Every structure is written in structure tokens, then in C-alpha cells.
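Here the sequence shown stands for residues 278 to 691, where the numbers follow our numbering.
Here the structure comes first, spelled out in C-alpha cells, and everything after it is commentary.
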Amino acid sequence: MKVDVAVIGGGPAGLSSAHAIRRANPDVTVAVFERSDIRPRGASFGVLPNGIRALEAIDPALLVSLQRHHTSPEKARRFDAAGTLVFSTDEGGLSGMSQAVKPQLNLAWHSLQRELAQALPQGVLHTQHRFLGYREAADGVQVELATPQGVRQVSAQLLVGCDGGQSLVRNALLDDGPPNYLGVAIWRAVRPVPADWPIDHGWVSYGALGTSSILTSTLGNGTLAWQAFVPWPADQLGVIGGGRRAYIQEGEEGQGNQAAGDAGPQRLARVLACFDAFPDAVKQLIAGTDPAAITEHGQFARDAEQCQTYAKGRVALVGDAAHMMTPTLAQGCSQALEDALELGRAIGCLGPTPAALAEYEQIRLPMASPVQAASVQLFSDILKGKAKFTSELETNRREGFLDRLHAPLRPAAA
């Protein structure tokens with residue numbers, strides 16, 4: 278198989294990159310290789326104003342398709358670990374972001390992935406293709422992928438790693454080791470809203486920042502996403518997958534779907550044990566979740582100083598593969614969309630060349646690096662008890678991250 282650009286990773290970063298490249302230059306051929314299937318998993322997240330503008334600059338039709346999935350979780354209830362109500366509002370959510378930050382999108386991770394995937398022409402996205410490695414030459418890149426039918430070779434002019442914080446492309450390109458473990462285990466899932474849930478629509482949390490806690494948000498269509506955070510010692514990291522556990526655990530290390538499904542009950546048991554002392558509402562929420570829907574991994578990040586290379590030769594990194602940050606600031610997806618936009622713009626202007634990747638790095642490095650640094654610092658402050666629920670909003674505003682504007686992509690002249 279031959280393409281101009283081979284994209285590794287079929288999450289939001291990889292799919293939006295494919296859209297941006299195709300939009301900027303329809304003559305450039307793109308293939309996206311995702312190691313798992315496209316199916317519901319993960320939890321909810323937000324796309325902030327800067328990310329929405331980046332998505333609209335890539336293709337306004339994509340934004341329209343995603344707005345159908347948006348929920349406005351203004352209601353919020355915060356309980357301590359014993360179940361005592363400590364905060365309640367019907368306006369602004371837990372941090373004030375819902376009311377104070379406009380526009381934004383709140384939706385399920387898999388909804389964004391599915392919409393971006395379905396909007397690509399047939400034959401662009403290839404699932405069950407696991408990246409094995411690459412060889413770079415003066416005239417291109419040879420990519421090796423594992424598939425159910427055997428090893429597949431792909432020849433490309435450029436290779437783009439969009440395979441997340443545990444990026445295998447990054448490891449092959451830079452060999453800079455795994456990201457830094459931050460001492461927290463995370464479980465995520467989507468499930469039906471329990472019949473006796475405290476509110477019909479919005480956010481509910483139990484526990485406190487920096488301790489064992491669980492955050493939930495309704496998604497519409499009768500579903501709810503939950504995310505559980507638990508302090509987890511480094512010497513027990515192997516229990517939850519070690520230092521190379523990817524966000525999506527289906528089919529990793531050559532395992533098939535059955536192996537991933539067999540691990541689901543174990544993940545469920547671990548997270549349930551961590552919340553054994555919490556109110557029944559929390560335990561029932563977790564216990565009633567489909568084990569196969571639960572993801573489990575440690576929280577990792579890289580310091581901005583460790584991420585000063587976004588491209589080298591014919592290989593580029595996008596999203597968490599380039600600048601892995603933390604969930605704080607809620608900027609991860611928005612930064613990936615900004616990356617995708619500028620990658621597409623550079624390839625549209627300069628073609629599928631190393632010069633285009635160098636241009637991409639020159640534009641994005643000074644823009645993404647401050648966001649990454651602020652996210653990592655705020656997460657550290659949370660663990661030390663130095664941050665508040667409103668700190669995300671305050672930091673985003675103070676640093677001007679929400680105010681960024683993006684020129685729309687213009688297809689390259691023939």
C-alpha cells in the first residue's frame with residue numbers, strides 16, 4: 278500500500294489530522310491506522326472555545342455534526358467521601374466553566390471519535406492495524422503494521438504519530454522513554470444513568486481533589502460517564518498495566534478482543550475495591566457498569582521541557598504523542614485539534630514534505646508548550662491541596678488559552 282501520509286492512531290487527534298490534510302490539499306492521499314475497533318468506550322470530555330474554533334477552521338461541517346452530541350451540565354452536586362452534600366448549584370457546573378466559557382462542547386469521547394471517523398471517505402480509516410515500527414529513507418517512510426491477516430507494509434511520504442501519550446511512534450522517533458507517572462490511577466466508563474441518581478442532568482462528584490474521588494456527568498440519551506481517580510503507589514503500577522498502558526486497552530500487545538474482555542471484570546473489581554468505603558450510590562454506580570466498557574491506566578504526563586521536538590525528518594507527532602498533558606485545564610483535545618489544523622495547513626502549503634513538518638513544529642511548539650506546562654503544574658497543585666475547583670477556569674483565562682483564533686483552512690491552489 279502507498280499513501281502520501283500515514284497516520285498512526287484513530288482517536289480525535291489522528292482523525293482530525295486526516296480531515297485537515299485532506300481539506301487543505303485534496304490531492305494528498307491519507308490513511309489512518311487504528312489498532313482497535315471503533316466502539317463506545319472511555320468517558321466524557323470538553324472541547325473549549327479555542328478547540329472549537331480550530332475544528333471549525335478545519336471543516337465547519339464537522340462542528341455541526343458534533344454539536345448534536347453536546348450537553349450543558351450546569352447542574353452540579355458535590356459530596357464528600359462520606360456522602361455529605363458540600364456544594365450544590367443549578368448554574369455553572371462544578372468549576373463554573375459551563376456558564377462562564379462559551380462556546381464549548383461537552384460530549385462522550387467515543388461520540389467525537391465516531392463522528393470524525395464516519396465523516397472520512399471509505400477506505401481512509403483502517404482498524405485493527407497495530408503499529409510495529411518504521412524505517413525512514415531519503416525518499417519516504419516504510420511503515421510496518423500488525424493486522425489479523427498478518428504484517429502489512431505501507432509506504433508513505435510522511436508518518437504522523439497520533440497514538441496518544443504512550444505513543445509507539447514517539448518512542449521509535451525519539452527513544453526518550455515512557456512519560457512521568459504522577460501517582461494516580463484512573464478508571465473511566467460510560468453506562469446508563471442510575472434510576473435514583475441525585476440529579477437528572479449535570480455533574481456529580483464524590484470525594485475531594487487530591488484524594489480518592491469520582492466525577493460523573495450525564496451525556497444525554499440516558500447515559501452517564503464516570504471517571505474515578507485514586508492515589509496509586511508507583512511500585513504497584515504493574516497491577517494497572519505498568520508504564521506503557523494505553524488509554525484504549527483493546528487488542529494491545531497482540532491480544533484479541535477476547536483477552537481484553539476477560540480483563541474487564543478484573544478492572545471492575547479493582548476500582549470497586551478502591552471505593553468500598555464510599556456511599557452505596559457510588560458502589561452501585563461502579564458495580565452496574567459493563568466491565569468491558571471500563572478503561573484503566575495510570576495518570577502520566579511529560580514536562581514541557583521534555584517535549585521540544587514535534588517533528589523530525591519525515592515523522593511528526595500530534596496531540597498527546599507530542600505534548601502529553603494532564604486532564605486539568607481540559608485542554609488536551611483542544612490542543613490536538615489545534616495541532617491537526619496547523620499540520621494540515623503546512624502540508625497544504627508545502628506538500629507532504631519534511632519542510633511541511635518543520636513548519637508545523639515551528640508554529641505549534643510555542644503555542645502548545647505553555648498549555649502543557651500549565652496543565653502539569655495545576656495537576657501537581659491539586660495533588661498538594663493547593664488548587665480549587667475554579668482553578669481550571671482561572672488559569673485558562675489568565676493565560677489567554679481560550680481566546681485563540683484560527684484562520685480557516687483554504688484548499689491549496691491547483
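Note that beta-carbon positions come from the ideal geometry of N, C-alpha and C, so glycine has one too.
Here the structure is a predicted model, which means the values were calculated and not measured.
- Secondary structure at Y587: coil, using DSSP grouped into helix, strand and coil.
- If the five residues before and after T500 are omitted, its C-beta is found closer than 8 Å to the C-beta atoms of A385, V467, R468, P469 and V470, all from its own chain and listed in chain order.
- Of the residues assessed, M278 falls on the exposed side of the cut-off, its CB having fewer than 16 other CB atoms within 10 angstroms.
- In the DSSP assignment, the residues bridged to K279 are S432.
- Here A295 has V284, V307, V309, L397 and V401 as same chain residues with Cβ atoms under 7 Å from its own Cβ, once five neighbours each way along the sequence are excluded.
- P303 has its alpha-carbon roughly 7 Å from the corresponding atom of P688.
- V507 has its alpha-carbon roughly 9 Å from the corresponding atom of G460.
- Look at E311 here: in three-state DSSP terms it is coil, with no helix or strand label.
- T605 has its alpha-carbon roughly 15 Å from the corresponding atom of T493.
- DSSP places Q576 within a strand segment (E or B) once states are collapsed to three.
- Contact between the segment 592-602 and the segment 430-448 is established, with three or more Cβ pairs separated by less than 8 Å.
- With a cut-off of 8 Å on Cβ pairs, the segment 325-339 is in contact with the segment 612-632, counting three or more such pairs.
- In the DSSP assignment, Q419 falls within the beta strand (DSSP E) that extends over G417 to T424.
- Excluding the 5 residues flanking it on each side, P631 has same chain C-beta neighbours closer than 6 Å at G590 and R591, in chain order.
- With 16 or more neighbouring CB atoms inside 10 Å of its own CB, T566 falls in the buried class.
- Sequence-distant Cβ neighbours of P380 in its own chain, meaning closer than 8 Å and more than five residues away, are P326 and I329.
- For S349, the three-state secondary structure derived from DSSP is coil.
- P469 carries a strand assignment under DSSP once its states are collapsed to helix, strand and coil.
- Secondary structure note for I517: it is in no alpha helix (DSSP H), with a DSSP letter that is neither H nor E.
- Taking the C-beta atoms as reference points, I491 is found no nearer than 7 Å to G575.
- The continuous beta strand (DSSP E) containing V324 extends over residues S321 to V324.
- Under DSSP, H296 forms no beta bridge with any residue.
- Looking only at Y637, F678, L451 and F577, the smallest Cα-Cα distance to S657 is reached by F577.
- With fewer than 16 other Cβ atoms from the protein chains shown falling within 10 Å of its own Cβ, D512 counts as exposed.
- F656: member of the alpha helix (DSSP H) spanning P631 to L660, first to last residue.
- Under the criterion of beta carbons closer than 8 Å, T404 and D314 qualify as touching, at roughly 5 Å.
- Ranking R354, E582 and G360 by CA distance to the CA of A558 puts G360 first.
- Here P398 carries a coil assignment [DSSP, helix/strand/coil].
- T672 has no beta-bridge partner at all, per DSSP.
- Under the three-pair Cβ rule at 8 Å, the segment 663-678 counts as touching the segment 635-654.
- When C-beta atoms of the segment 652-671 are compared with those of the segment 618-637, fewer than three pairs fall below 8 Å, so the two segments do not count as touching.
- If you draw a straight line from the Cα of V595 to the Cα of A290, it is about 7 Å long.
- By the neighbour-count criterion, in which 16 or more other beta carbons inside 10 Å mark a residue as buried, R355 falls on the buried side.
- A straight-line Cα-Cα distance of about 39 Å links G286 and T366.
- Taking R407 as the centre and dropping the five residues before and after it, the same chain places the C-beta of R312 and A423 closer than 6 Å to its C-beta, in chain order.
- For L562, the enclosing alpha helix (DSSP H) begins and ends at D557 to A564.
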